[in-house]
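Q:
In the working numbering, the protein residues as written are 722 to 1128.
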């Protein structure tokens, strides 16, 4: 742990671990200043932490985040808290302990004081990487790939899109990558692009309105898009020997099958769950969710359940009409057909309503599958449940056919 006046301690954080949406925590500045023994002889070495924004240097002030929050900056220090001499002294402590020289680097230090704990990280803008004091690399970041460093860098830029702005080169490269992803998504069903061709086209059209001068809004937009791209790269091990080049490769090489009790249940359901198992496996291949695939998964299921509701209603009416027959032998299958049709309508309506209330993004897909999957059987139970309305509809048809046969 880096030496600071007791009982204050530095806590190395990654940009993704900082939540800009939480209320800003106020600090007891007098107590912190006293503990740090701040005097005119111990200011932060300003030459060490200078952020150059298109040839200009910004010293102290605040900017408003495009979402409405306030960002405080002081030379190369940023925070959602109001920055003081205490923050500057802490930054000095941190930079003294950072690996390698930071004197000539274009860096930003993030500091957030929470009680006796001081959360921090250091951003190197030139290499687009995150650094910490010597020996304080977070456990989750040990052995991090280049893509992970870049992802964390752009998370920081999204959280703090000023006073340091994105560069014209950042914008140019983003357009190139988006265009490449569009071609990949258009020509490959298993593309690892996090966006659809239509979404990319929309993003590129919006980016055309930005100039090369850069501002807080442009930086925020560029950072958001880079984050989507880099998050996908991290998940798919981009740039490594184990890179996932096709998101459906595991499904293709090992087609999903039902096992154990579920295998027997599918026979009673006329093997309708097999179709749903394929859908679930594609939407949650390698436990990775893509927005486009998730929306396709939802739309296909919802269309099927709407069709089931319509057909089941027809069967309910037909069963009620033929139930006027007085034969007891006839009534058994006809009543069974009616009950199965009603159960089909109810289950389809329930699943349809649940699906329509789910979000349309990859994060919503992850929540959906993680809450319902099983350790040993994965998504098999989800497939069984989603196929219930269709299976009940088929059983209703079977019973209705028997009732007509006994007329």
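Cβ coordinates follow ideal geometry from the N, Cα and C atoms, glycine included.
Extract the residue ranges of the alpha helix (DSSP H) inside the segment 869 to 931, only unbroken runs of 4 or more that lie entirely within it.
A: Here the runs fully enclosed are 889 to 908 and 918 to 928.
Q: On a CA-only basis, which of 802, 790, 844 and 1001 is nearest residue 733? Give me that one, please.
A: It is 844.
Q: Can you tell me where the beta strand (DSSP E) with residue 838 in it begins and where it stops?
A: Where residue 838 is concerned, the enclosing beta strand (DSSP E) stretches over 838 to 845.
Q: Can you tell me the Cα-Cα spacing of residue 842 and residue 816, whole angstroms?
A: Rounded to the nearest angstrom, the two C-alpha atoms are 10 Å apart.
Q: From residue 853 to residue 864, what distance separates their C-alpha atoms?
A: Each residue's alpha carbon lies about 14 Å from the other.
Q: Go to residue 833, then tell me how far its beta strand (DSSP E) extends in each direction, as first and last residue.
A: Per DSSP, residue 833 belongs to the beta strand (DSSP E) from 828 to 835.
Q: Using alpha carbons as the reference points, say which of 1028, 836 and 819 lies closest to residue 699.
A: Not covered by the structure: residue 699. The range shown for the chain is 722 to 1128.
Q: Pull up the distance between the alpha-carbon of residue 887 and that of residue 1094, whole angstroms please.
A: Distance between the alpha carbons of residue 887 and residue 1094 is about 41 Å.
Q: By a C-beta neighbour count over all protein chains shown, 10 Å radius and 16 as the cutoff for buried, is residue 849 buried or exposed?
A: Classification for residue 849: buried.
Q: Which residue wins for smallest C-alpha separation from residue 736, given the options 890, 800 and 1069?
A: Comparing Cα-Cα distances from residue 736 to each of 890, 800 and 1069, the minimum goes to 800.
Q: For residue 1020, count the other beta carbons within 10 Å of its own beta carbon; 16 or more makes it buried, fewer makes it exposed. Which is it?
A: With fewer than 16 Cβ atoms within 10 Å of its Cβ, residue 1020 is classed as exposed.
Q: Classify residue 1034 as helix, strand or coil using the three-state DSSP reduction.
A: Looking at residue 1034 - three-state DSSP - the assignment turns out to be helix.
Q: Just to confirm, are residue 1111 and residue 1025 a CB contact at a threshold of 8 Å?
A: In this structure, residue 1025 lies closer than 8 Å to residue 1111 by Cβ.
Q: Can you give me the start and stop residues for the beta strand (DSSP E) that residue 785 sits inside?
A: Element bounds for residue 785: 781 to 785.
Q: In or out: residue 1109 buried (at least 16 other Cβ within 10 Å) or exposed?
A: It is buried - the Cβ of residue 1109 has at least 16 other Cβ atoms within 10 Å.
Q: Considering residue 733, what are the terminal residues of the beta strand (DSSP E) in which it resides?
A: Per DSSP, residue 733 belongs to the beta strand (DSSP E) from 730 to 733.
Q: Name the two residues that bound the continuous beta strand (DSSP E) containing residue 1003.
A: No beta strand (DSSP E) holds residue 1003; the alpha helix (DSSP H) holding it covers 994 to 1004.
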